[in-house]
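Encoded as structure tokens, the structure appears first; notes follow it.
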Amino acid sequence: MKKVFAYPRALTKKRTHYCPGCTHGIIHRLVAEAIDDLGIQERTIGIAPVGCAVLAYEYFDVDFQEAAHGRAPAVATGIKRVHPESIVFSYQGDGDLASIGMAEIIHAATRGEKITVIFVNNTVYGMTGGQMAPTTLPGQKTTTSPYGRDTATVGYPIRVCELLSTLDGPSYLARVSVHDPAHIKKAGQAIRQAFAMQVAGKGFSLVEVLSSCPTNWGMTPTQALTQVKEKLIPYYPLGVFRMTEEVAGDDA
Amino acid sequence: MERVMMKGNEALAEGAIRAGCRYFFGYPITPQNEIPEYMARRLPEVGGVFLQAESEVSAINMVYGAGGAGGRVLTSSSSPGISLKQEGISYIAGAQVPCVIVNVARGGPGLGGLNPSQSDYFQATKGGGHGDYRLLVYAPGNAQEMVDLIGLAFDKAEEYRNPVMILSDAIMGQMMEPVALPAMRTETTEKPWATTGKQGRSKPNIINSLGLVGEDLERINIELQAKYARLAAAEVRYETDGTGEADLIVVAYGTSSRVVRSAINRLRQEGKKVGLFRPITLWPFPKEALASLAAEGKRFLVVEMSAGQLVEDVILAVNDRAKVSFFGKLNGTVPTVREVYDRILSSLPEGGEG
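Protein chains in written order, with this note's numbering: chain G, 24 to 275; chain H, 4 to 357.
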């Protein structure tokens, strides 16, 4: 009988520290499935961020370096330049990538650095306890915007895919969501495509994944997924923002 | 061995290439620009990678990635840029990644000036970033040492899995001198810990400085301190010139030591018993050698281009067993031979300083 569903080889069996209802687990699995699917586990090197995914190196069964806050694209650049044949990816949250690490992500993108970035946007600093992020929605309450994000004083959220799509370096930019099975399937395809671009030697690839944070949003897991669907997606439209050339990446 | 006239910065860059360095990440800042410019020309010729980063912060994190991946990697900057790199240096030390960092120091604080200075001594030797860590710090005294010490720096960085700093300054970097260049070598040490992709290994390699559990972090720090103790026991370097018969020993490194040498030579012709003690490693500091000279009843004068940084280590080393005087030139100016000559005269036992 053909096996149709299995535990991804690129994930370890370690139980994660993520909160109940958090979508990091789903995204980890999609990344691991893409690595399995492309047959690149033995040459993949990951970069863990500072933030909720700081321990990502315990969950992926690939070589890893843990970066300082926001610096993952620079660390990835150093690794990729030493091992151009390897597959290098960073896994970053919205505070890490779109606030403290904005210079690093923009310059890695414009250099067309041949790395893949998984950008998890849950509109809040999760690990530090729910502070306002660069992607926090207008009016959204956080511990440092207790009256709701006031755009008159703190400005507007940053749409990373749109911002990076003004540059010539990226080969693939997409925004996906993981709030229901149909979208999870599409997210998996986008993540696979992003890695396939790197396998094919194309430029920088990034997938922004809209994610939920029930703990810091003060919601149940289902309410949080509804919030992604009803509030996040209208502000952060899903889609492919750059596709230089579709590659299948079938070297498995 | 090839002998050529080179600027200190270029001698250092060529020395790095010949020591097998194949990766350079940096950001422009005066007075170190000759290093990245030389590397930009030279690295592609030997199959290496030169990359101008978007900032010093990014450059040092590229170094962390490249060093962690097993590359022989160099970055250089000057004082304000080195300040920006401190976060990354702390991570690199914590994660035990080998690399070499060059500081062609200029005056501070703040934006400071472009003139040579030795006011980054504390930052280099006392841990400029957060946490309990140490760098091995070399202070070259001429262009030849720029070549020799950069080669040694790469070897020691890999032997101890520790960042190594070369503390130079604007004069050392810009001055031309004849240097003998060693032959090209490309062999590097085995790095079974590097992030290369698992490539059949049963366990992934993880480069990391995180220790969330208190006991884990304590264990990491105990391990680091044990390494620093080994380093301190084995890697001290210094030069002495006439310290045995001297009544007064002048302690100076880098550019200052060159001025001191000229002053001492003049004083010796006049029959004065003056010696030079030149630390080559600023950390580990040659404190035992200074302590034994202090036990012999010598006096000391410390000459440096700062408000008094090296002098604190000399005072700690002699531990009240000897008189220590200080002559510092503040940022932007270099002591003249005449000034140092006069200062030595007044510090001699018969000089009236008491």
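For each residue, glycine too, the CB sits at the ideal point set by N, CA and C.
Against chain G, does residue i count as a neighbour if the rule is that its beta carbon must be under 8 angstroms from one of theirs?
i: H:A19; result: no
i: H:P207; result: yes
i: H:S80; result: no
i: H:A96; result: no
i: H:T199; result: yes
i: H:I85; result: no
i: H:A56; result: yes
i: H:M65; result: yes
i: H:E90; result: yes
i: H:N211; result: yes
i: H:G214; result: no
i: H:G23; result: no
i: H:Y124; result: no
When DSSP builds the beta bridges, which residues end up paired with residue i?
i: H:Y241; result: H:P282
i: H:N118; result: BP columns for H:N118 are empty, so no partner.
i: G:G178; result: Per DSSP, none; premise fails for G:G178.
i: G:F83; result: G:L34
i: G:T139; result: G:F112, G:S228
i: H:D172; result: H:A108
i: G:M266; result: G:Y195
i: H:Y26; result: H:V52, H:V76
Would you mind working out which of the options sits nearest residue i, comparing C-alpha positions?
i: H:A173; options: H:T258, H:P338, H:L319; result: H:T258
i: G:G73; options: G:D117, G:I49, G:F218, G:K252; result: Residue identity check: residue 73 of chain G is Val in the sequence provided, not Gly. The residue with the shortest Cα to Cα distance from G:V73 is G:D117.
i: H:A294; options: H:A14, H:L313, H:S309, H:I318; result: H:I318
i: G:H92; options: H:A255, H:L213, H:R341; result: H:L213
i: H:M9; options: H:D323, H:A146, H:A156, H:P352; result: H:A146
i: H:R188; options: H:R264, H:D158, H:Q121; result: H:D158
i: H:A14; options: H:T284, H:Y241, H:M149, H:R261; result: H:M149
i: H:Y26; options: G:G48, G:A95, G:G101, G:G152; result: G:G101
i: G:A97; options: G:L61, G:L255, G:I129; result: G:I129
i: H:N165; options: H:G300, H:Q202, H:K332, H:W286; result: H:W286
i: G:I58; options: G:K37, G:E269, G:A213; result: G:A213
i: H:F125; options: H:D151, H:L138, H:G203, H:I210; result: H:L138
i: H:Y231; options: H:S61, H:Q99, H:V277; result: H:Q99
i: H:Q272; options: H:I283, H:I225, H:Y344; result: H:Y344
i: H:G130; options: H:V167, H:N118, H:L155; result: H:V167
i: G:E290; options: H:Y141, H:R44, H:T198; result: It is not possible to answer for residue 290 of chain G, since the shown part of chain G is limited to 24 through 275.
Taking 8 angstroms as the CB-CB limit, is residue i close to chain H?
i: G:F264; result: no
i: G:A99; result: yes
i: G:D191; result: no
i: G:H47; result: no
i: G:F87; result: yes
i: G:V105; result: yes
i: G:D84; result: yes
i: G:Q154; result: no
i: G:V77; result: yes
i: G:Y41; result: no
i: G:Q64; result: yes
On the criterion of 16 or more Cβ atoms from any shown chain inside 10 Å, does residue i qualify as buried, or is it exposed?
i: H:E248; result: exposed
i: H:A183; result: exposed
i: H:E218; result: exposed
i: H:M4; result: exposed
i: G:N239; result: buried
i: G:I28; result: Note that residue 28 of chain G corresponds to Phe in the displayed sequence, not to Ile. Under this definition G:F28 is an exposed residue.
i: H:S309; result: buried
i: H:S349; result: exposed
i: G:G211; result: buried
i: G:T243; result: exposed
i: H:S54; result: The displayed chain sequence assigns Leu, not Ser, to residue 54 of chain H. Buried, since its Cβ has 16 or more Cβ neighbours within 10 Å.
i: G:M24; result: exposed
i: G:H106; result: buried
i: H:M42; result: buried
i: G:A131; result: buried
Name the two residues that bound the continuous beta strand (DSSP E) containing residue i.
i: H:K10; result: 5-10
i: G:D59; result: Here G:D59 belongs to no beta strand (DSSP E); instead the alpha helix (DSSP H) covers 47-61.
i: H:F329; result: 327-331
i: H:V140; result: 139-141
i: G:I69; result: The sequence shown places Gly at residue 69 of chain G, rather than the Ile named in the question. G:G69 -> beta strand (DSSP E) spans 67-71.
i: H:V337; result: Per DSSP, H:V337 belongs to no beta strand (DSSP E) and is neither H nor E.
i: H:I252; result: 251-254
i: H:M179; result: 179-184
Quick one: give me the first and last residue of the alpha helix (DSSP H) that residue i is part of.
i: H:S350; result: 340-350
i: G:M220; result: 204-222
i: H:F125; result: 124-128
i: H:I92; result: 82-98
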